[in-house]
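Asks: Listed in order, the protein sequences are those of chains A and B.
For the first sequence, this note's numbering gives the first residue as 4, with consecutive numbering after it.
For the second sequence, this note's numbering gives the first residue as 366, with consecutive numbering after it.
Before anything else, here's the structure in question.
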Amino acid sequence: MNPIIVLIKKELKVELRSLQGIVASSMLSFMILMSFKFSIVTNSLLTSSGILWSSILLTGLGLITHISTREVERGTLDLLKLSSISRYQLFLGRMLGSLALLWVLSSVIFIIYIIIFENQFSNDLFLAYFVVLVGCIGISAVGTLAASTATPLHGGWMITSLFAIPILLFTVIEAAIRCTDSLISGSSDFELAFMLLVLYNSVFIFGGAWLSEISE
Amino acid sequence: MIKLNSFFKSFGSRKILRGIDLEINSGEIVTLVGNNGSGKTTLLRSISTLDFPDSYILAEVDGFDLEKYPEEVRSRIGYLAHNPPFYPELTGVENLKLWLELNSIDDAESRARDFLGQIGLVSFSDDLSGNYSRGMIQRLGFAMALSHSPTTLLLDEPFTGLDSEGIEIISKLLQRAKMNDCSILIVTHDEVTYADRVVELFRGEIK
């Protein structure tokens, strides 16, 4: 079996048997969305999708950091590194494993968002959900790379977000917000923004794999 | 076969390994002894490519340079850490199967069950490894180190936490590995009667 698939299956099995990361991240995202609901009264903020992406970004990075920190603390990262797979395969396996869990989390967040803030995407609801899933790819790639670098350090759980947020904010998140906002407003920006989102995702996946390979 | 010549490793300004010269032939068991902090574990981690050395003239496993061919080196090494790491959410057989699949070994599940039988864990194969005792974890770690048929074994305190039956099983497996031309480096404070020689590490240098 392809080692990348082996790593994805492992990540899903480990998380779904413990449910530590998914449950905690889902609860946190619910609280973040509720905080926004009660603290923001400006109509323009409530009718754009920035709140949705803030929640996905913050809790998604938290989930990825949790997965990575768990590997380091248990020493199982050494176990993975000792196997004869190349470093880019290890990166892709970990990234795709995190992505699978991130998709579960973002689905939960999307549902909560729709319930709390009502469906602003009207007929484009499934397209908006698809954009959320695509946006998670970039978050997972940058998050996995940042976590690999940061988690061995003291306070690595915080440093991961400090590394990843500035990179993601002006690339993946901006493109994703433009995508979902264009679905809300009905503007013609969608195609361009979606192409940008795919481009950023590709750059981060290939960049992450390449950096992982040369880091050895 | 392991060949090291002028092998240096430091962490920051602290020099851990100071010009190690070591050669372990195929089918040879070498015991590495030394005080705490003498660099034994660092040496094993560096040979296994988990850590990379600062400099060396020669560092090879079966003729493969550690830095140029790390994947080739890893595929030839079986490494038992002092505290063998496993996923507590996975069963013993799932942990071993994962390891074998990552090393592209065919028929991983039956091979994993076979090895668990050899180390006396067959009746605990389907228990979560999070419920294993220290000795059972050690046995599982040893199965992991041996299961992908490495040519070089690096064992960090392999007898820790083992009962007399466990020590006997592992000793037999080590002697069998030696007969199959495996190079074996054991870090231990215990006497290993079947070792071919003992090497002492003192403050990062071989005495």
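All C-beta atoms, glycine included, are put in the ideal place defined by N, C-alpha and C.
(1) Kindly indicate which three-state DSSP category B:Arg568 falls into: helix, strand or coil?
(2) Measuring alpha carbon to alpha carbon, tell me which residue in B:Phe373, B:Gln540, B:Gly500 is nearest B:Asp528.
(3) Chain A partners of B:Pro450, CB-CB under 7 Å?
(4) Rounding to the nearest angstrom, what Cα-Cα distance links A:Val26 and B:Arg568 in this structure?
(5) State yes or no: is the beta carbon of A:Ile88 nearer than 9 Å to at least one beta carbon in chain B?
(6) By how many angstroms is the C-alpha of A:Leu31 removed from the C-alpha of A:Met37?
(7) Run through chain A and tell me which residues come within less than 9 Å of B:Arg439, C-beta to C-beta.
(8) May I ask you to report which of helix, strand or coil DSSP gives B:Glu466?
(9) Excluding the five sequence neighbours on either side, which residues of its own chain have a C-beta within less than 6 Å of the C-beta of B:Ile502, listed in chain order?
(10) Under a CB-based cut-off of 9 Å, is A:Pro6 close to chain B?
(11) Considering only their Cβ atoms, is the gap separating B:Pro515 from B:Ser440 smaller than 9 Å?
(12) Give, in chain order, every unbroken run of the beta strand (DSSP E) that is at least 3 residues long and sits entirely within the region 462-522 of chain B.
(13) Mind checking which residues open and close the alpha helix (DSSP H) that includes B:Lys543?
(14) With a threshold of 6 Å on Cβ separation, who are the neighbours of B:Leu520 within its own chain once the five nearest residues in sequence on each side are excluded?
(15) Listed from N- to C-terminal order along the chain, which residues in the region 7-24 of chain A have their beta-carbon within a distance smaller than 7 Å of any beta-carbon of chain B?
(16) Which stretch, first to last residue, makes up the beta strand (DSSP E) that contains A:Val44?
(17) First and last residue of the beta strand (DSSP E) that includes B:Asp386?
(18) Using only CA atoms, which one of B:Ile394, B:Lys572, B:Glu454 lies nearest to A:Leu22?
(19) Report yes if the CB atom of A:Thr174 is closer than 9 Å to the CB atom of A:Gly141, and no otherwise.
(20) Below 8 Å CB to CB, which residues in the same chain sit around B:Ser513 once its five sequence neighbours on both sides are set aside?
(21) Which residues in chain A have a C-beta closer than 7 Å to the C-beta of B:Asp371? List them in chain order.
(22) Between B:Asn468 and chain A, is the shortest Cβ-Cβ distance under 9 Å, so that the two count as touching?
(23) Between the region 369-376 of chain B and the region 526-545 of chain B, can you find at least three pairs of beta-carbon atoms closer than 8 Å?
(24) Measuring only the C-alpha atoms, how far is B:Thr396 from A:Leu171?
Replies: The relevant details are as follows:
(1) As a first step, residue 568 of chain B is located in the second sequence; it is residue number 203 there, counting from the start. Three-state DSSP puts B:Arg568 in coil, outside helix and strand.
(2) Position 163 of the second sequence, counted from the start, is the residue given in the question as residue 528 of chain B. Considering only alpha carbons, the answer is B:Gly500.
(3) The sequence position of residue 450 of chain B within the second sequence is 85, counting from 1. In chain order: Arg77, Gly78, Thr79, Asp81, Leu82.
(4) By one-based count along the first sequence, residue 26 of chain A stands at place 23. By one-based count along the second sequence, residue 568 of chain B stands at place 203. The alpha-carbon atoms of A:Val26 and B:Arg568 are separated by roughly 48 Å.
(5) Position 85 of the first sequence holds residue 88 of chain A. Yes, contact with chain B.
(6) Taking the first sequence and counting its residues from 1, one reaches residue 37 of chain A at position 34. Taking the first sequence and counting its residues from 1, one reaches residue 31 of chain A at position 28. Their backbone Cα atoms lie some 10 Å apart in a straight line.
(7) For the purposes of this step, residue 439 of chain B is taken as the residue at position 74 of the second sequence. Chain A residues near B:Arg439: Lys84, Leu85, Ser86, Ser87, Ile88.
(8) To locate residue 466 of chain B, count along the second sequence from 1; it is residue 101. Three-state DSSP puts B:Glu466 in a helix.
(9) To locate residue 502 of chain B, count along the second sequence from 1; it is residue 137. So the qualifying residues of the chain are Pro449.
(10) As a working mapping, residue 6 of chain A is identified with position 3 in the first sequence. Yes, contact with chain B.
(11) Within the second sequence, numbered from 1, the residue matching residue 440 of chain B stands at position 75. Within the second sequence, numbered from 1, the residue matching residue 515 of chain B stands at position 150. Against a cut-off of 9 Å, the Cβ pair of B:Pro515 and B:Ser440 comes out as a contact.
(12) 517-521
(13) The residue labelled residue 543 of chain B in the question sits at position 178 within the second sequence. B:Lys543 -> alpha helix (DSSP H) spans 529-544.
(14) Along the second sequence, read from residue 1 onward, the residue named residue 520 of chain B stands at position 155. Cβ within range, chain order: Leu445, Ile551.
(15) Val9, Lys13, Lys16, Val17, Arg20, Ser21
(16) Your numbering for residue 44 of chain A matches position 41 in the first sequence. Note, A:Val44: premise wrong, no beta strand (DSSP E); not H, not E.
(17) Here residue 386 of chain B refers to the residue found at position 21 when the second sequence is read from its first residue. From DSSP, the beta strand (DSSP E) with B:Asp386 extends over 379-389.
(18) In the first sequence, counting from the first residue as 1, residue 22 of chain A sits at position 19. Nearest option by C-alpha distance: B:Glu454.
(19) Locating residue 174 of chain A in the first sequence gives position 171, counting from the first residue. Locating residue 141 of chain A in the first sequence gives position 138, counting from the first residue. Against a cut-off of 9 Å, the Cβ pair of A:Gly141 and A:Thr174 comes out as a contact.
(20) Along the second sequence, read from residue 1 onward, the residue named residue 513 of chain B stands at position 148. Going by the sequence as given, residue 513 of chain B is His instead of Ser. Excluding sequence neighbours, B:His513 sits near Ser440, Gly443, Trp464, Leu465, Asn468, Ile470.
(21) In the second sequence, the residue the question calls residue 371 of chain B occupies position 6. Reading the sequence as shown, one finds Ser at residue 371 of chain B and not Asp. Per Cβ cutoff of 7 Å: no residues; B:Ser371 is ~22 Å from chain A at best.
(22) The residue you call residue 468 of chain B lines up with position 103 of the second sequence. Interface residue, yes.
(23) no
(24) Indexing the second sequence from 1 puts residue 396 of chain B at position 31. Indexing the first sequence from 1 puts residue 171 of chain A at position 168. Their backbone Cα atoms lie some 50 Å apart in a straight line.
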